[in-house]
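Numbers given in the numbering used here equal positions in the sequence shown, counted from 1, plus 6. Even glycine gets a Cβ: it sits at the ideal position worked out from N, Cα and C. Computed from a predicted structure; not experimentally measured. Written below as C-alpha cells is the structure these notes are about.
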Amino acid sequence: MINGIEILSLSGNQINEDIPPPAIPYTWTSLPENENYTSRHECSFVQAGNKFFLIGGRENAKIPDIYDYTTNTWTTGAQAPIELNHYQALEYQGLIWAIGAFQNNSYPNEAPATHVYMYDPANNVWIQGAEIPLNRRRGSAGLVLHNDKFYVIGGNTTGHNGGFVNWFDVFDPLTGTWTTLPNAPRARDHFHAAVMNGKLYAAGGRLSGGPGGVFAPLVPEVDVYDFATQTWSQVAQLPTPTGRGNGG
C-alpha cells in the first residue's frame, strides 16, 4: 500500500530473482502517511538499493517518484522519454528495466513500446536500449529475470482491443538480442510473472478485448515453465482469478 504506506518485509529479495521459499512468514509494518507522490495507475513499483521507485503509468506519469524507506521521504527522478505504462519493471545491475510496455495513453488502442528502456537511478537518466522486433512488440506482458536474461511472457499487441498473445521470448541484455521461444500454453495480459526454484510462474491476468469485453474473461489457470527441462506444465487454478494481479 502507498497511501498510509505499508512495507512488506522481503529480506532484500525481489520478484526478478530465482529465490527459495521464505523460511519465516512475512510481516507487515505500518508507517505514517506521506503522500508526496504523483497519483498514477498501470505503473510499476520496484526496489533498487534502499529505495522504491513508483515509475511509469497513465496520465502525466512520466516522472518517477522515489520512496526512501529509511527516511520515509519521497523525491522525484528524471522524466521518461515516453509514457511507459502496463509493464512489470525489474531491477538488474543497478538499472530499472522496462520491457513489454505500452508507450502512450491512447485507450483502448495503446501502442507497444518499440525499444527496451532503462532508468539509471545512480545518474538519474533514462537510456533507450535495444529495439524490440516489430513482430514481437506488446505491452501488459509478464517479465522475469533468470540467469542474466529477461523472459517476456504473454501481453497484448493492441492495448485493450483483443490483441492478447501467448508469446514467449528471451532477451539477452549483454548482446541486445531477442530469441523467440515456443508459445506459452495460453494467452494472458494484465498480470505479473515470477521465478522460484528454477521455474517461471504465470498467474492471473485476462484477455483484454476478448469475448468478455475489456475486463474479461479472466484467466484462472496457472502456467509453469521449467527452465531446466524447457517444458510447460499447469498447477492448481487460482481460487480467485484477478485481471490486474501482481507477483512477489
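- As a beta-bridge residue in DSSP terms, Gln134 pairs with Tyr123.
- One alpha carbon belongs to Asn130, the other to Lys68, and they sit about 13 Å apart.
- Assigned with DSSP and collapsed to three states, Arg212 falls in strand.
- Of Tyr32, Ala54 and Asp195, the smallest CA-CA separation from Gln99 is found for Ala54.
- Annotated three-state conformation of Leu180 is coil, per DSSP.
- Per the Cβ contact rule, the stretch 134 to 145 is not in contact with the stretch 64 to 79 (fewer than 3 Cβ pairs under 8 Å).
- One alpha carbon belongs to Ile61, the other to Ser112, and they sit about 19 Å apart.
- The shortest CA-to-CA distance from Trp238 to any of Thr246, Pro188 and Val52 is the one to Pro188.
- If you compare the alpha carbons of Asn42, Pro31, Phe51 and Glu41 with that of His198, the shortest gap goes to Phe51.
- By DSSP's assignment, Ala199 forms a beta bridge with Ala208.
- Residue state for Asn141 is assigned as helix, using DSSP reduced to three classes.
- For Leu151, the uninterrupted beta strand (DSSP E) segment begins and ends at Gly148 to His152.
- Around the beta-carbon of Ala95, 16 or more other beta-carbon atoms lie within 10 Å, marking it buried.
- The stretch 19 to 106 contains, as complete beta strand (DSSP E) runs of 3+ residues, the segments 34 to 36, 50 to 54, 57 to 61, 71 to 74, 79 to 82, 96 to 98 and 101 to 104 (chain order).
- For Tyr157, the uninterrupted beta strand (DSSP E) segment begins and ends at Lys155 to Ile159.
- In the structure shown, the three-state DSSP call for Tyr231 is strand.
- By the Cβ neighbour-count rule, Ser36 is exposed, with fewer than 16 other Cβ atoms within 10 Å of its own.
- Of the other Cβ atoms in all chains shown, fewer than 16 fall within 10 Å of the Cβ of Thr185; this residue is therefore exposed.
- A direct Cα-to-Cα measurement between Ala222 and Gly161 gives close to 14 Å.
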